[in-house]
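Visitor: My structure is below; once you've seen it, I'll send some questions.
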Amino acid sequence: MVTTQQLELLAPLSGVLMPLEQVPDPVFSSRLMGDGLCIDPTSQVLCAPLAGVISNLQHTGHAVSITDASGVQVLLHIGLDTVNLGGQGFTCLVEEGQQVVAGQALIEFDADYVAQHARSLLTLMLVVSGESITDVSGGEMLVEAGQPVLRVGEAAVQVSTQQAPSQGDTLFSLAIALPNPNGLHARPAAVFAQAAKGFAATIELHKHEQRINAKSLVAIMTLQTSHGDVVQVSATGEDAEQAIRVLSDLLVAGCGEAVTPAAQVATETTYAPAPEPVQVDGALLRGVCASSGAVFGQVVQIAAQTLDYPEVGAGEAFERAQLQRALLEADTALDTLGREFSQGPQGQIFSAHRELLQDPSLLEQAYPLLASGKSAAFSWAAAVEANEKVFRNLGNAFLAERAQDLADVGQRVLKLILRVEDAVQALPDNAILIADQLSPSQTAGLDTTKVVGFATVGGGATSHVAILARALGLPAMCGLPAHVLSLASGTPVLLDAEQGELHVRPSEAAVAALTAKREQQRVRQARDLAHAALRADTRDGRHIEVSANIASLAEAEQGMSLGGEGVGLLRSEFLYLERSSAPSHDEQIATYSAIARAVGPDYNLVVRTLDVGGDKPLAYVPMEPEANPFLGMRGVRLCLERPELLREQFSAILASADLTRLHIMLPMVTQVSELRLARQLLEEQAQRLGITRLPKLGIMIEVPAAALMADVFAPEVDFFSIGTNDLTQYTLAMDRDHPRLASQADSFHPAVLRLIATTVKAAHAHGKWVGVCGALASESLAVPLLVGLGVDELSVSVPLIPTIKARVRELTLKDCQVLAQQVLVLESAEQVRAALQPSHAANVAHSLVLEN
Ligand code: PEP
Ligand code: MG
530 MVTTQQLELL
540 APLSGVLMPL
550 EQVPDPVFSS
560 RLMGDGLCID
570 PTSQVLCAPL
580 AGVISNLQHT
590 GHAVSITDAS
600 GVQVLLHIGL
610 DTVNLGGQGF
620 TCLVEEGQQV
630 VAGQALIEFD
640 ADYVAQHARS
650 LLTLMLVVSG
660 ESITDVSGGE
670 MLVEAGQPVL
680 RVGEAAVQVS
690 TQQAPSQGDT
700 LFSLAIALPN
710 PNGLHARPAA
720 VFAQAAKGFA
730 ATIELHKHEQ
740 RINAKSLVAI
750 MTLQTSHGDV
760 VQVSATGEDA
770 EQAIRVLSDL
780 LVAGCGEAVT
790 PAAQVATETT
800 YAPAPEPVQV
810 DGALLRGVCA
820 SSGAVFGQVV
830 QIAAQTLDYP
840 EVGAGEAFER
850 AQLQRALLEA
860 DTALDTLGRE
870 FSQGPQGQIF
880 SAHRELLQDP
890 SLLEQAYPLL
900 ASGKSAAFSW
910 AAAVEANEKV
920 FRNLGNAFLA
930 ERAQDLADVG
940 QRVLKLILRV
950 EDAVQALPDN
960 AILIADQLSP
970 SQTAGLDTTK
980 VVGFATVGGG
990 ATSHVAILAR
1000 ALGLPAMCGL
1010 PAHVLSLASG
1020 TPVLLDAEQG
1030 ELHVRPSEAA
1040 VAALTAKREQ
1050 QRVRQARDLA
1060 HAALRADTRD
1070 GRHIEVSANI
1080 ASLAEAEQGM
1090 SLGGEGVGLL
1100 RSEFLYLERS
1110 SAPSHDEQIA
1120 TYSAIARAVG
1130 PDYNLVVRTL
1140 DVGGDKPLAY
1150 VPMEPEANPF
1160 LGMRGVRLCL
1170 ERPELLREQF
1180 SAILASADLT
1190 RLHIMLPMVT
1200 QVSELRLARQ
1210 LLEEQAQRLG
1220 ITRLPKLGIM
1230 IEVPAAALMA
1240 DVFAPEVDFF
1250 SIGTNDLTQY
1260 TLAMDRDHPR
1270 LASQADSFHP
1280 AVLRLIATTV
1290 KAAHAHGKWV
1300 GVCGALASES
1310 LAVPLLVGLG
1320 VDELSVSVPL
1330 IPTIKARVRE
1340 LTLKDCQVLA
1350 QQVLVLESAE
1360 QVRAALQPSH
1370 AANVAHSLVL
1380 EN
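Numbered per this note's numbering, the sequence shown spans residues 530 to 1381.
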């Protein structure tokens, strides 16, 4: 930085001048921060000694920095140890980023209060950008505010805070929780900056998304850190390793301040056990986000109703007729619901329930009971219960899920026999539904004009119930403690899914804050929607393709109308969920062609072949029960075991080859041989159909083995798409639907992120593109990270397309890359989430400091 003009600094206060040597604080008296002067004030308004921009204003109001147009930085610090006053006694009259003129009032302070509560009122004015100074006060002891007192050196001065571009990899420290009671305020910041200047490497200090030049005192102060804030040091250059070691130790030790260790703050899990009991105003229950958003409403408990009914009936013929009537009514109701919700995956679930209703084994068990004189309700309930028990006791998640569906259907029929009105059908406004489990059919059947959110004890953030909730656009939380079920219906609650918090009887202030937040979100969503057609390019020009995750033609159409650049994942197993017999070849062709037409010839349509097994039942593909279905015959494994299924699907998909940019994707690939076998089948089918130009063939990266072997797969595929839902469950060995592990099965875990990084590196080395189609891509928080890791495409839940595109447009690739490298070395998902939290700090001053 070069100063070209003489600059005079005015006295910021009236008072008695003192040389710095006499200040009873070694950081100031040793000129560690910079040269300047000290005033024992007689006035109470601190004024600007020069014109410039407020480059930092400590939120406690006791210190302020001004940077002028030539880069001279002056720090004004009122009193000693005044940071401890926490803002008491100070009134700020300016804001960070504001342009001020020389002599302008900056901070008003209560001299009596400060003198009584702090160590001293002595006020410092220091030139912290390194220029030399000359005293022009004329040797007077008493000065008036506004009187010239110092001249900043004329000669060009090379300031040591400048960072020359360094070569080599950037290294990061571990995350460090600041032990300083007031964070890195002026004194510890000066010690840290001084230490950083001792290294040739380019050194930065990171807090969440913010990163600053660690050799600049003012830049450090712009971070506005507090006790326990998690920071990281990064260094690039020859002595980077040593710099990281020394500076990390310094931060842990408190940068010269007496401190109590705060390391726990950084590593502690944020998922503390929920407090008990819950009937306390303001109680807070924690869970995990299943679908983002926040909402205020009233509790509606939808625990399954206990229905009373007689065991003995009024004669077989009468009871049989009752059962027949109820079955017929249930069938009609499910048919109507299926049509009503035909626009999304929920419609298919109702159809699947219709199929269950027709299962002969239920009636086979109910009829003998009717014949023995039992009532219709009793006979039906007994038949359902017996079937449910069989499913549950097999210890198979796939069948256990069918048992839940069966219980659902059973309850529907039972209510119809007893003519009990469905409790969920008469909901109050702003209902937040609370349940142990919400089956897909319950979420699908919600009246979204009344329901504003839901919270469950069971379920997981990546379960298909959560996927449905996102499709409905409702905030949802799962993994809540069981005592949430004892909250009385009508209790006001605030559900903040993003924070994973359910506040019971929240304060008026909390509700007002939420209302303001929602309004902001509404405005933002409206803006994102208005700009949905714009490209998703980062500010420095990197294009990210944002496409849709779909399960139906309706979603394909909606995705395209919301600015989706094609379809990144068509979950084909959802297309015929309700069928108990396989769809005909022509039906399949018609379905894929309609979707291909909706996507059009200019965009990609990525059709994933059937991903059946694990948590995804498909009635027309019956499977043997398995002890560990997630580790069993799932995805491509099952299809290769039944190659006819795959051949049939390939040939139906191939019929769309000319309608769109067709891509075929294989799920759950683990072995290279699986890819080769599938390719062979595809080529055979194409040959049979006389198709010479094969569609692109890619694989999902959702098994850690595939991620680790991405360099082996890459030459043989056209693309990768990372399924973070399964990749997370297999990497962390945590069932994606496990209620008690839901909070830990987090795709932000560094282990998952490292596998993404490995995949991208391998793909790009072979010129192949990489998408992410798991739920992580639909999280705004993850977007800078995924962009920084080099991901080319984000395939997201349809309603979130405009939001994710807008988020991309806010970013710069360069910043994202630094952020990505930073989080890869963190220890836990909590630390990663903390590092990614968007900072709302005024960045004007921050960027100004960085530029100088
Ligand atoms: C995934 O595993 O991330 C994925 C996209 O596939 P699904 O959720 O359908 O298993
Ligand atoms: Mg998957």
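Even glycine gets a Cβ: it sits at the ideal position worked out from N, Cα and C.
These numbers come from a predicted model, not from an experiment.
Please state whether DSSP places A1077 in a helix, a strand or coil.
Guide: The sequence position of residue 1077 within the sequence shown is 548, counting from 1. In the structure shown, A1077 sits in a strand (DSSP, three-state: E or B).
Visitor: Whole angstroms is fine: what's the gap from A1186's alpha carbon to S820's?
Guide: For this step, residue 1186 is matched to residue 657 along the sequence shown. For this step, residue 820 is matched to residue 291 along the sequence shown. Each residue's alpha carbon lies about 35 Å from the other.
Visitor: Can you check DSSP and say which residues form a bridge with R1137?
Guide: Taking the sequence shown and counting its residues from 1, the one referred to as residue 1137 is at position 608. R1100, M1194, per the DSSP bridge assignment.
Visitor: Span of the alpha helix (DSSP H) holding L1448?
Guide: Look at the range of the chain in this structure, 530 to 1381, and you will see that residue 1448 is not part of it.
Visitor: With distances taken from CA atoms, which of E1212, G1319, T985, L1218 is nearest I1251?
Guide: Translated into positions along the sequence shown, residue 1251 becomes position 722. When only C-alpha atoms are compared, the closest one is G1319.
Visitor: Considering Cα atoms alone, identify which of L1218, P1172, L1204 is closest to A1184.
Guide: Locating residue 1184 in the sequence shown gives position 655, counting from the first residue. The shortest C-alpha separation from A1184 is found at L1218.
Visitor: When you compare only the Cα positions, how much space is there between A1181 and R1222?
Guide: To locate residue 1181, count along the sequence shown from 1; it is residue 652. To locate residue 1222, count along the sequence shown from 1; it is residue 693. Taking the straight line from one Cα to the other gives about 16 Å.
Visitor: Rank D1115, T1067, L579 by C-alpha distance to the C-alpha of A1335 and give the top, closest one.
Guide: The sequence position of residue 1335 within the sequence shown is 806, counting from 1. Checked all of D1115, T1067, L579; the closest Cα to A1335 is T1067.
Visitor: Nearest-angstrom Cα distance between L1169 and F1242?
Guide: Here residue 1169 refers to the residue found at position 640 when the sequence shown is read from its first residue. Here residue 1242 refers to the residue found at position 713 when the sequence shown is read from its first residue. If you take the alpha carbons of L1169 and F1242, they lie about 18 Å apart.
Visitor: Relative to the C-alpha of Q470, which residue among H756, S1018, R854 is closest?
Guide: No answer is possible for residue 470: it lies beyond the span of the chain, which begins at 530 and ends at 1381.
Visitor: So for E550, helix, strand or coil by DSSP?
Guide: Translated into positions along the sequence shown, residue 550 becomes position 21. If DSSP states are grouped into helix, strand and coil, E550 belongs with the helices.
Visitor: Pull up the CB-CB distance for A905 and E950, whole angstroms please, since I reckon it's below 8 Å.
Guide: Against the sequence shown, residue 905 aligns to sequence position 376. Against the sequence shown, residue 950 aligns to sequence position 421. With 8 Å as the limit, A905 and E950 do not qualify as a contact, their Cβ atoms being about 18 Å apart.
Visitor: What residue range is occupied by the uninterrupted beta strand (DSSP E) comprising P570?
Guide: Along the sequence shown, read from residue 1 onward, the residue named residue 570 stands at position 41. P570 -> beta strand (DSSP E) spans 564-570.
Visitor: Measuring alpha carbon to alpha carbon, tell me which residue in S1272, A706, V788, G1097 is nearest I1228.
Guide: In the sequence shown, the residue the question calls residue 1228 occupies position 699. With distances taken between Cα atoms, I1228 lies closest to G1097.
Visitor: Measure the beta-carbon distance from E637 to L651 and round it to whole angstroms, keeping in mind my assumption that it falls under 8 Å.
Guide: Numbered from its first residue, the sequence shown carries residue 637 at position 108. Numbered from its first residue, the sequence shown carries residue 651 at position 122. Contact doesn't hold; Cβ gap of about 18 Å is too wide.
Visitor: Quick one: using the 10 Å Cβ neighbour count with 16 as the cut-off for buried, is H606 buried or exposed?
Guide: Residue mapping note: residue 606 aligns to position 77 of the sequence shown, counting from 1. Buried, by the Cβ-count rule.
Visitor: Name the residue from R560, G682, V672 whose alpha carbon lies nearest to the alpha carbon of S599.
Guide: Mapped onto the sequence shown, residue 599 falls at position 70. Here the closest residue by C-alpha is G682.
Visitor: If distances are taken between C-alpha atoms only, which option among P1130, R648, Y1121, L561 comes closest to T1138?
Guide: Taking the first residue of the sequence shown as 1, we reach residue 1138 at position 609. The option with the nearest alpha carbon to T1138 is Y1121.
Visitor: Of all the options Q851, Q894, A855, H882, which has the alpha carbon lying nearest to the alpha carbon of D864?
Guide: By 1-based counting over the sequence shown, the position of residue 864 is 335. For D864, the nearest C-alpha among the options comes from H882.
Visitor: Rounded to the nearest angstrom, what separates H1072 and D1264 at their Cα positions?
Guide: The residue given as residue 1072 occupies position 543 in the sequence shown. The residue given as residue 1264 occupies position 735 in the sequence shown. Going by the C-alpha atoms only, they are around 34 Å apart.
Visitor: What distance in whole Å lies between the Cβ atoms of L779 and W724, which are believed to be in contact at a cut-off of 8 Å?
Guide: Within the sequence shown, numbered from 1, the residue matching residue 724 stands at position 195. Within the sequence shown, numbered from 1, the residue matching residue 779 stands at position 250. The sequence shown places Ala at residue 724, rather than the Trp named in the question. Correct: roughly 6 Å between the Cβ atoms.
Visitor: Just list the beta strand (DSSP E) runs in the stretch 1246-1319, keeping only unbroken ones of 3 residues or longer that don't cross its boundaries, in chain order.
Guide: As far as the stretch 1246-1319 is concerned, its whole beta strand (DSSP E) runs of at least 3 residues are 1248-1251, 1298-1301.
Visitor: Taking any heavy atom of ligand 2 as the mark, which residues have a C-beta closer than 5 Å to it, listed down the chain?
Guide: Cβ atoms closer than 5 Å to ligand 2 belong to E1231, G1252, D1255.
Visitor: DSSP three-state label for M750, please.
Guide: Mapped onto the sequence shown, residue 750 falls at position 221. Three-state DSSP puts M750 in a helix.
Visitor: Thinking C-beta only, is L891 closer than 8 Å to V913?
Guide: Mapped onto the sequence shown, residue 913 falls at position 384. Mapped onto the sequence shown, residue 891 falls at position 362. It is a contact, given that the beta carbons lie within the stated cut-off.
Visitor: Taking the continuous alpha helix (DSSP H) assigned at R740, which residues delimit it?
Guide: Position 211 of the sequence shown, counted from the start, is the residue given in the question as residue 740. From DSSP, R740 is part of no alpha helix (DSSP H) but of the beta strand (DSSP E) over 739-742.
Visitor: When we look at the beta-carbon of H1192 and count the other beta-carbons within 10 Å, is it buried (16 or more) or exposed?
Guide: The count along the sequence shown starts at 1 and reaches residue 1192 at position 663. By the neighbour-count rule (16 or more Cβ atoms within 10 Å), H1192 is buried.
Visitor: Can you have a look at M670 and say buried or exposed, based on whether 16 or more other CB atoms are within 10 angstroms of its CB?
Guide: For the purposes of this step, residue 670 is identified with residue 141 of the sequence shown, where counting begins at 1. Exposed is the call here.
Visitor: Any chance the CB of A1168 is under 7 Å from a heavy atom of ligand 1?
Guide: Start at 1 with the first residue of the sequence shown, and residue 1168 comes out as number 639. Here residue 1168 is Cys; the residue named in the question, Ala, does not match the sequence. Checking every heavy atom of ligand 1 against the Cβ of C1168, none is found closer than 7 Å.
Visitor: Would you mind reading off the limits of the beta strand (DSSP E) that contains S890?
Guide: Residue 890 sits at position 361 when you count from the first residue of the sequence shown. Premise fails: S890 lies in the alpha helix (DSSP H), 889-900, not in any beta strand (DSSP E).
Visitor: For Q933 versus A915, is the C-beta spacing smaller than 8 Å?
Guide: One-based indexing of the sequence shown puts residue 933 at position 404. One-based indexing of the sequence shown puts residue 915 at position 386. Their beta carbons are not under 8 Å apart, which means Q933 does not touch A915 by this criterion.
Visitor: For the beta strand (DSSP E) that E869 lies in, which residues bound it at each end?
Guide: The residue you call residue 869 lines up with position 340 of the sequence shown. First-last for E869: 845-869, but that is the alpha helix (DSSP H), not the beta strand (DSSP E).
Visitor: Give the single residue among R1269, T1287, A998, L1134 whose Cα lies nearest to the Cα of G1008.
Guide: Stepping through the sequence shown from its first residue, residue 1008 is reached at position 479. Among R1269, T1287, A998, L1134, the Cα nearest to that of G1008 belongs to R1269.
Visitor: Please name the residue, chosen from L1091, D1344, Q692, I732, that lies closest to L700 on a Cα-to-Cα basis.
Guide: Looking up residue 700 in the sequence shown gives position 171. Selected option, being the one with the closest Cα: I732.
Visitor: For L561, which residues of its own chain have a beta-carbon under 6 Å away from its beta-carbon, when the five flanking residues on both sides are left out?
Guide: Taking the first residue of the sequence shown as 1, we reach residue 561 at position 32. Cβ within range, chain order: A719, Q723.
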